[in-house]
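To keep things clear, I will list the structure first and then write my remarks on it.
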Amino acid sequence: MKKIGMVGTGYVGLVTAACLAELGHRVVAYDTDRRKIGLLRKGEVPIFEPGLATLVSRNVGLGRLTFAANLDDAVADADAVFIAVGTPSRPTDGEADLSFVYEAAGEIAERLFHSCVVVCKSTVPVGTNREILQRLRLRRPTLAIEVASNPEFLREGSAISDFMQPDRVVIGTESEVAKQVLAGIYHPLGLTASKMLYTGLESAELIKYAANAFLATKLSYINEIADLCERVGANVSDVAAGVGLDKRIGPNFLQAGPGFGGSCFPKDTRALLSTARDAGVPLQIVAAVAGVNEQRKAAMAGRIVAALGGSVVDKVVTVLGVTFKPNTDDMREAPSLAIIPALQAAGASIRAHDPEGMEAAARHLTAIAWFDDAYHASVGADAIVILTEWDDYVGLDLARLKQLMRGRAFIDLRNVYNPDLVAAAGFEHFSVGRPASLVSEAAQDAAA
Ligand code: NAD
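In numbering that gives the first Met the number 0, the protein residues as written are 0 to 447.
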């Protein structure tokens, strides 16, 4: 059992803290956001992640997980202090904003009076961990402080199982002590040696970016193939299935849709491009992936307008799902943030529902009428748009929906529905990359 400090209790920090406590460690988690710590101390979990509330409450109850309002409690006696703060894109140049990471490292250094391993879980560009190490050693020259890069690969929506059954744990460090401490921390997971990957600092940092850029590449790739499918009469679902059955490729991240969003892929591709620019090594594939995705998100509003006959002035559009993917309330860079304002600017009024994301979305999107389920949201609508493939939208009563609406456009940007079923309920069906549901050529041209 180790004593662990967790700095940052966001999507990664809170899940990691709860999971490490579940493994038997004693974890003290700290955040500068006093509201979050206040909620956590009252037993409330500030984010939606399946299973997290139960895991947090269980480990708080067992005395293994506590939430601290000051950093001293998280750092005191810790064998390892994890940094899990945000690294958002800088709006000016797309580079990772490292101010939170360096601030956290500085604050940890102020409070360290014993030898300790500082572990960076935040996604940070190459060179950041070495800089953290230098800063810590400069501030505390007499202490044996070690640094390790331990990038996180969890996916929101399945974060707990991703943490508990990881494909791999990457530990980048030059320190034997850090290796031993981290091996001890992850030991209860019972991973085979091949899943524990020990590397240098720079390699660990780059593994995270290279992995995310590769997954983003699969998504932009299948989205472009979907466009081609529509033009040539192929079905992207069949094409993706046929491609994905090849073991060299695999079926994951081959679902065509409205473009990728979320807290990682967009910002991490931008940060990787920035690293590459600085290093004088152009990453042309990653640049194309990012460009294709931006264009795709922008084109989606045009598709919806086209499906409604070329104008949405005075039209009512019901949007089902606003989060960037199901099973999270995370709105960061969600396609809805590009699509909904574009529809509003074109004259549409928006009614919407999301099972978990409405509160977070209301902070970013304005002039939306929110409803507590898909049916209420669809009353009087000219079109329904499925933007996020929540389970709530998989088995909708299509006949009931159709009756509630004033129009008949059903725009399924996640290919959740069988086109024949939708058509049989009296809808005009549109989806992505499927022949039976093609946006007509004229409409596609209008949307382009
Ligand atoms: P987040 O925004 O949800 O949480 C970050 C937290 O850090 C916030 O609660 C913030 O208040 C806190 N914080 C900021 N500065 C602090 C400081 N000095 N001391 C203490 N707390 C501080 O971010 P996240 O989604 O959890 O991401 C964290 C890191 O993990 C990022 O680098 C991200 O790229 C990476 N990552 C995220 C995911 C994901 O799915 N969200 C997956 C893998 C990796």
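C-beta atoms are modelled at their ideal positions from N, C-alpha and C, and glycine is treated no differently.
Could you check whether the Cβ of residue i sits closer than 7 Å to any heavy atom belonging to the ligand NAD?
i, result
"Leu153", "yes"
"Ser121", "yes"
"Gly85", "yes"
"Val11", "yes"
"Ser377", "no"
"Gly7", "yes"
"Cys18", "no"
"Cys228", "no"
"Tyr29", "yes"
"Glu106", "yes"
"Glu204", "no"
"Phe259", "no"
"Lys2", "no"
"Phe99", "yes"
"Ala103", "yes"
"Ser262", "yes"
"Asp32", "yes"
"Lys35", "yes"
Would you check if the distance between the CB atom of residue i and the CB atom of residue j is smaller than 8 Å?
i, j, result
"Arg399", "Tyr374", "yes"
"Val6", "Ala83", "yes"
"Val311", "Ala351", "no"
"Thr124", "Ala95", "Going by the sequence as given, residue 124 is Pro instead of Thr. For Pro124 and Ala95, yes; Cβs fall inside 8 Å."
"Pro434", "Ala233", "yes"
"Gly241", "Glu332", "no"
"Ser121", "Arg269", "no"
"Asn222", "Ala255", "yes"
"Trp389", "Pro325", "yes"
"Gly171", "Ala203", "yes"
"Arg110", "Leu137", "no"
"Leu271", "Leu282", "yes"
"Tyr412", "Val393", "Contrary to the premise, residue 412 reads as Leu rather than Tyr in this sequence. The answer is no: Cβ separation not under 8 Å."
"Tyr10", "Ser262", "yes"
"Gly356", "Asp328", "yes"
"Asp381", "Ala408", "yes"
"Leu22", "Leu188", "yes"
"Phe99", "Thr91", "no"
"Pro265", "Gly156", "no"
"Ala212", "Val288", "yes"
"Leu39", "Phe66", "yes"
Ordered along the chain, which non-local residues of its own chain (more than five positions away) have a Cβ less than 7 Å from that of residue i?
i, result
"Val238", "Ile224, Cys228"
"Ser377", "Thr317, Ile383, Leu400, Leu403, Met404"
"Ala441", "Confidence at Ala441 is low in this model, with a pLDDT of 39, below 50, so the placement of that residue should be treated as unreliable; the coordinate-derived value is given next. The answer is none, since no qualifying residue turns up."
"Ala77", "Lys2, Ile3, Gly4, Cys115"
"Phe162", "Val14, Thr15, Cys18, Leu153"
"Phe47", "Thr327, Asp328, Glu355"
"Gln343", "Ile349, Ala366"
"Gly425", "Lys401, Arg407"
With a threshold of 6 Å on Cβ separation, who are the neighbours of residue i within its own chain once the five nearest residues in sequence on each side are excluded?
i, result
"Thr8", "Ala28, Asp30, Lys35"
"Val176", "Glu145"
"Ala20", "Val26, Asn58, Arg63, Leu64"
"Met299", "Pro257, Ile338"
"Val118", "Ala79, Phe81, Ala147, Asn149"
"Leu451", "In the structure as shown, the chain starts at 0 and stops at 447, and residue 451 therefore has no counterpart that could be examined."
"Ala209", "none"
"Val315", "Ser348, Gly379, Ala380, Asp381"
"Asn292", "Ser219, Gly258, Phe259"
Would the C-beta of residue i count as close to the ligand MN, meaning under 7 Å from any of its heavy atoms?
i, result
"Glu94", "Judged by which ligands are present, the ligand MN is missing from the structure shown, whose ligands are the ligand NAD."
Give the single residue among the options whose Cα lies nearest to the Cα of residue i.
i, options, result
"Leu336", "Val421, Tyr101, Leu386", "Leu386"
"Glu151", "Leu132, Thr141, Val168", "Val168"
"Phe370", "Pro354, Ser273, Gly156, Lys217", "Pro354"
"Ala368", "Glu358, Gly379, Ile349", "Ile349"
"Val321", "Met330, Asp313, Val315", "Met330"
In its own chain, which residues sit with a C-beta less than 8 Å from the C-beta of residue i, not counting the 5 before and 5 after it?
i, result
"Ser56", "Gly42"
"Leu51", "Leu13, Val14, Ala17, Val44, Ala158, Ile159"
"Pro451", "The first residue shown for the chain is 0 and the last is 447, placing residue 451 beyond what the model contains."
"Ala297", "Ala337, Ala341"
"Gly243", "Gly249, Pro250, Asn251, Leu253"
"Ser174", "Val116, Glu145, Val146, Ala147"
"Tyr101", "Glu130, Ile131, Arg134"
Taking only three categories from DSSP, how would you classify residue i?
i, result
"Thr65", "strand"
"His375", "helix"
"Cys228", "helix"
"Thr198", "strand"
"Phe81", "strand"
"Val14", "helix"
"Tyr416", "coil"
"His428", "strand"
"Ser98", "helix"
"Ile449", "The displayed coordinates of the chain run from 0 to 447. Any statement about residue 449 would go beyond what the structure contains."
"Leu19", "helix"
"Asp72", "helix"
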